[in-house]
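Asker:
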Amino acid sequence: MTPRNRTKVIVRFLIILVIIGAAGAAAYRPVMKYLAERNKVTWETAELETGDITRYVNSTGTIQPVLSVSIGSFVSGPIVELNVDFNDEVQKGDILARVDPRLFKANVDRDEATLATREADLERVEAQLQQSLNNYMRGKRLRATNKDFMSDREMDALTFEVKSLQAQRKLSKASILQATASLETSRANLNYCEVTAPVDGVVIDRKINPGQTLAAQFQTPELFIIAPDLREKVHVFASVDEADIGLIQVAKKADRKVTFTVDAHPDEVFDGTIEQIRVSSVSTSNVVTYPVVIAASNSELKLLPGMTASISFEVDSTENVPKIPNAALRFFPEDVKLVRKQDQHLIDGSNWKSKPKSEAEEQENANQTATEKAESQRKKNHRHLWMIDGDLLKAVEVTTGLTENRFTEMVDGDLEVGAKLVTGRKG
1 MTPRNRTKVI VRFLIILVII GAAGAAAYRP VMKYLAERNK VTWETAELET GDITRYVNST
61 GTIQPVLSVS IGSFVSGPIV ELNVDFNDEV QKGDILARVD PRLFKANVDR DEATLATREA
121 DLERVEAQLQ QSLNNYMRGK RLRATNKDFM SDREMDALTF EVKSLQAQRK LSKASILQAT
181 ASLETSRANL NYCEVTAPVD GVVIDRKINP GQTLAAQFQT PELFIIAPDL REKVHVFASV
241 DEADIGLIQV AKKADRKVTF TVDAHPDEVF DGTIEQIRVS SVSTSNVVTY PVVIAASNSE
301 LKLLPGMTAS ISFEVDSTEN VPKIPNAALR FFPEDVKLVR KQDQHLIDGS NWKSKPKSEA
361 EEQENANQTA TEKAESQRKK NHRHLWMIDG DLLKAVEVTT GLTENRFTEM VDGDLEVGAK
421 LVTGRKG
């Protein structure tokens, strides 16, 4: 190769290198920009909204009648008539069942005859007493005329006869009272053969069958259970945790509503009111709860005794306030490099970040006074939210208030409605 040709080759090679270098330099910036964009951290955000917040306490309970009347029988004998069944509506005085009355009717007839005998005996004694009084008065007049006509012995005999018949009259009257009482007892037992409804209501339980023999000598057998006013009102007995019972007390004073559902009508929401908070606690496996009685209307008889209810107590509410999405409150940066330098101390060892406590910290918490524990609880309302600040995150301190499932009230904080709050990392 001649020197001239060699020079041309070198020049061409240099030109190619220059072209390649220029192309590389031109492509470097977009490539680096692409790689930077590709590796850039992106965040999911949610806006600070304005609206209403309602706080609920949830519980479960059981539907029960307001009152259940147990109906028994005072008399023994076979059931000869059964007029009602489960779920029948009855009125006060309706005959529900009838016990064989023949034995009790015979007792009434016997006692009526006994009473008639005692009354006739009283008439006989009174007639004899009248005759004895006449004899006594006649002897007294004769003795007044002439003492020799009636001796002392004869007058004593007349006096004794009068007093004896007067005593017999008292005894006969007492016998009549005794016979009358016995007759009333027999008549009452005869009436008890008809088992009647003492109140208006619905038969929720029947414990006898036709032909069954009742034995009431030792204890009153239970025949029916009637729930009065089942259409007007029922009770829902809820068990509320001791940690929430204070909120329920406030809700009762404010007359806040209660809503609940039952599995039998899952698409229907029933309304109720807190009627009673019972002070007798129930402890099960070291869990303390308090019974709360809720009153609810039952005009369509959809709520039946024994149903399980899922209950929501409205315990507090606020209107037209800034609402923080709860996802923003739950978020915290995992990497300190993603946070502004002035906020990095919140990540390192912050109280709100989940981390195991040492034994010393646990002991310190256990030794806190009641006042210190209450103050510590109030401090939990001071939280930090995170916002995008260029390529990093910045913290904004807020004070929270009422909370519900999705949102929490912002009581204080340097944030405007519409501010975008970080809720998580994309990808």
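All residue numbers for the sequence shown refer to UniProt numbering, where the first residue is 1 and numbers rise by one.
Each residue gets a CB set at the ideal place from its N, CA and C atoms; glycine is no exception.
Using DSSP with H/G/I as helix, E/B as strand and the rest coil, what is Arg206?
Answerer: In the sequence shown, counting from the first residue as 1, residue 206 sits at position 206. Strand, per DSSP.
Asker: Could you give the C-beta distance for Ala309 and Gly61, rounded to a whole number, given that I count them as a contact under 8 Å?
Answerer: The sequence position of residue 309 within the sequence shown is 309, counting from 1. The sequence position of residue 61 within the sequence shown is 61, counting from 1. Between Gly61 and Ala309 the Cβ distance is about 5 Å, and since that is below 8 Å, they are a contact.
Asker: Compute the Euclidean distance between the alpha carbons of Lys170 and Leu122, then round it to the nearest angstrom.
Answerer: Here residue 170 refers to the residue found at position 170 of the sequence shown. Here residue 122 refers to the residue found at position 122 of the sequence shown. If I take the Cα positions, the gap works out to 9 Å.
Asker: Which ranges would you report for the alpha helix (DSSP H) in the region 130 to 207 if only whole runs of at least 4 residues count?
Answerer: Listed in chain order, the complete alpha helix (DSSP H) runs (minimum 4 residues) inside the region 130 to 207 are 152 to 192.
Asker: If you check the beta carbons only, do Leu190 and Gly72 fall under 8 Å apart?
Answerer: By 1-based counting over the sequence shown, the position of residue 190 is 190. By 1-based counting over the sequence shown, the position of residue 72 is 72. Going by C-beta atoms, Leu190 is not nearer than 8 Å to Gly72.
Asker: Please confirm whether Asn320 and Arg406 have their CB atoms less than 8 Å apart.
Answerer: Along the sequence shown, read from residue 1 onward, the residue named residue 320 stands at position 320. Along the sequence shown, read from residue 1 onward, the residue named residue 406 stands at position 406. Not closer than 8 Å, so no.
Asker: How do the region 293 to 313 and the region 330 to 346 stand: do at least 3 beta-carbon pairs fall below 8 Å, yes or no?
Answerer: Too few Cβ pairs lie closer than 8 Å, so no.
Asker: Give the single residue among Asp414, Val262, Lys394, Ser297 whose Cα lies nearest to the Cα of Asp335.
Answerer: Residue numbering aside, residue 335 sits at position 335 when the sequence shown is read from its first letter. Taking only the C-alpha atoms, the option nearest Asp335 is Lys394.
Asker: At which residues does the alpha helix (DSSP H) containing residue 509 begin and terminate?
Answerer: Nothing about residue 509 can be reported from this structure: the residues present for the chain run from 1 to 427 only.
Asker: Which residue comes first and which comes last in the alpha helix (DSSP H) that contains Lys252?
Answerer: Translated into the one-based positions of the sequence shown, residue 252 becomes position 252. 245 to 253 is the extent of the alpha helix (DSSP H) around Lys252.
Asker: Val240 bridges to which residues according to DSSP?
Answerer: The residue labelled residue 240 in the question sits at position 240 within the sequence shown. Val240 is bridged to Tyr290.
Asker: Please name the residue in Ser151, Ala113, Lys163 whose C-alpha comes closest to that of Leu129.
Answerer: To locate residue 129, count along the sequence shown from 1; it is residue 129. Nearest C-alpha to Leu129: Lys163.
Asker: Any idea what DSSP makes of Glu123, helix, strand or coil?
Answerer: Your numbering for residue 123 matches position 123 in the sequence shown. DSSP places Glu123 in helix when its eight states are reduced to three.
Asker: Sort Thr213, Asn298, Ser182 by Cα distance to Asp229 and report the nearest one.
Answerer: For this step, residue 229 is matched to residue 229 along the sequence shown. Comparing Cα-Cα distances from Asp229 to each of Thr213, Asn298, Ser182, the minimum goes to Asn298.
Asker: According to DSSP, is Gln128 part of a helix, a strand, or is it coil?
Answerer: In the sequence shown, counting from the first residue as 1, residue 128 sits at position 128. The answer is helix: DSSP assigns Gln128 an H, G or I state.
Asker: Going by other Cβ atoms of all chains shown within 10 Å of its Cβ, with 16 needed for buried, is His265 buried or exposed?
Answerer: Looking up residue 265 in the sequence shown gives position 265. Looking at its Cβ environment, which holds fewer than 16 other Cβ atoms inside 10 Å, His265 is exposed.
Asker: Going by CA-CA distance only, name the one from Glu416, Ala328, Val236, Glu314 that's closest to Pro65.
Answerer: Reading the sequence shown from its first residue, position 65 is the one you call residue 65. When only C-alpha atoms are compared, the closest one is Val236.
Asker: Let's see if you can read the secondary structure: which residues bound the beta strand (DSSP E) around Gln64?
Answerer: As a working mapping, residue 64 is identified with position 64 in the sequence shown. Counting along the chain, the beta strand (DSSP E) containing Gln64 begins and ends at 49 to 65.
Asker: Would you check if there are 3 or more beta carbon pairs closer than 8 Å linking the region 189 to 209 to the region 96 to 106?
Answerer: The region 189 to 209 vs the region 96 to 106: in contact.
Asker: Could you spell out where the beta strand (DSSP E) holding Gln276 opens and where it closes?
Answerer: Sequence index remark: in the sequence shown, residue 276 carries index 276 (1-based). Taken as a continuous stretch (DSSP letters only), the beta strand (DSSP E) holding Gln276 covers 265 to 277.
Asker: What I want to know is whether the C-beta of Ser312 ends up closer than 7 Å to one or more non-hydrogen atoms of the ligand ADP.
Answerer: By its list of ligands, the structure shown contains no ligand whatsoever, and the ligand ADP lies outside what it can speak to.
Asker: Measure the C-alpha to C-alpha separation of Thr400 and Thr50 and round it to an integer number of angstroms.
Answerer: Position 400 of the sequence shown, counting from 1, holds the residue named residue 400. Position 50 of the sequence shown, counting from 1, holds the residue named residue 50. Their Cα atoms are separated by approximately 14 Å.
Asker: Would a C-beta distance cut-off of 8 Å place Val258 and Glu314 closer than the cut-off?
Answerer: Position 258 of the sequence shown, counting from 1, holds the residue named residue 258. Position 314 of the sequence shown, counting from 1, holds the residue named residue 314. Yes; because the gap between Cβ atoms is below 8 Å, this pair is in contact.
Asker: Is it a yes or a no for the region 269 to 282 touching the region 41 to 56, going by three-plus beta-carbon pairs under 8 Å?
Answerer: Because the criterion of three Cβ pairs below 8 Å is not met, the region 269 to 282 and the region 41 to 56 do not touch.
Asker: Output the distance between the C-alpha atoms of Val411 and Leu67, rounded to the nearest integer angstrom.
Answerer: For the purposes of this step, residue 411 is taken as the residue at position 411 of the sequence shown. For the purposes of this step, residue 67 is taken as the residue at position 67 of the sequence shown. Taking the straight line joining both Cα atoms gives about 46 Å.
Asker: By how many angstroms is the C-alpha of Met307 removed from the C-alpha of Pro356?
Answerer: As a working mapping, residue 356 is identified with position 356 in the sequence shown. As a working mapping, residue 307 is identified with position 307 in the sequence shown. The predicted position of Pro356 is uncertain, since its pLDDT is 46 and thus under 50; a value taken from the coordinates is nonetheless stated next. Between Pro356 and Met307, the C-alpha separation is close to 43 Å.
Asker: What's the gap between the Cα of Glu81 and the Cα of Asp111?
Answerer: For the purposes of this step, residue 81 is taken as the residue at position 81 of the sequence shown. For the purposes of this step, residue 111 is taken as the residue at position 111 of the sequence shown. Approximately 26 Å between the Cα atoms of the pair.
Asker: For Glu275, I'd like the list of residues in its chain whose CB is within less than 6 Å of its CB, leaving aside the five on either flank, ordered along the chain.
Answerer: Within the sequence shown, the letter at position 275 stands for residue 275. The answer, listed in chain order, is Val293, Ala295.
Asker: May I ask which residues mark the beginning and end of the beta strand (DSSP E) holding Leu96?
Answerer: Counted from its first residue, the sequence shown places residue 96 at position 96. Note, Leu96: beta strand (DSSP E), 95 to 99.
Asker: Looking at the structure shown, is Trp43 part of a helix, part of a strand, or coil, going by DSSP?
Answerer: On the sequence shown, position 43 is the one that residue 43 refers to. It is a strand residue.
Asker: Determine the DSSP secondary structure at Thr284, reduced to helix, strand or coil.
Answerer: For the purposes of this step, residue 284 is identified with residue 284 of the sequence shown, where counting begins at 1. Strand, per DSSP.
Asker: Who are the near neighbours of Lys92 in its chain, counting only those whose CB is closer than 7 Å to its CB and skipping five residues on each side?
Answerer: The residue you call residue 92 lines up with position 92 of the sequence shown. Closer than 7 Å at Cβ, skipping near neighbours: Ala197, Pro198, Val199, Asp200.
Asker: Ignore the nearest five residues each way along the sequence and tell me which others in Ala419's own chain have a CB closer than 6 Å to its CB.
Answerer: Taking the sequence shown and counting its residues from 1, one reaches residue 419 at position 419. Closer than 6 Å at Cβ, skipping near neighbours: Leu48.
Asker: Comparing alpha-carbon positions, which option in Asp241, Lys380, Val240, Asp271 lies nearest Asp255?
Answerer: Sequence index remark: in the sequence shown, residue 255 carries index 255 (1-based). Considering only alpha carbons, the answer is Asp271.
Asker: Output needed for Ser132: all residues of its chain with C-beta closer than 6 Å, excluding positions within five of it in sequence on either side, in chain order.
Answerer: Stepping through the sequence shown from its first residue, residue 132 is reached at position 132. Closer than 6 Å at the Cβ level, and outside the excluded window around Ser132, lie Glu161, Val162, Leu165.
Asker: Going along the chain, which residues of its own chain have a beta-carbon closer than 7 Å to the beta-carbon of Arg231, five neighbours each way excluded?
Answerer: Numbered from 1 along the sequence shown, position 231 holds the residue referred to as residue 231. Answer for Arg231: Asn298, Ser299, Leu301, listed in chain order.
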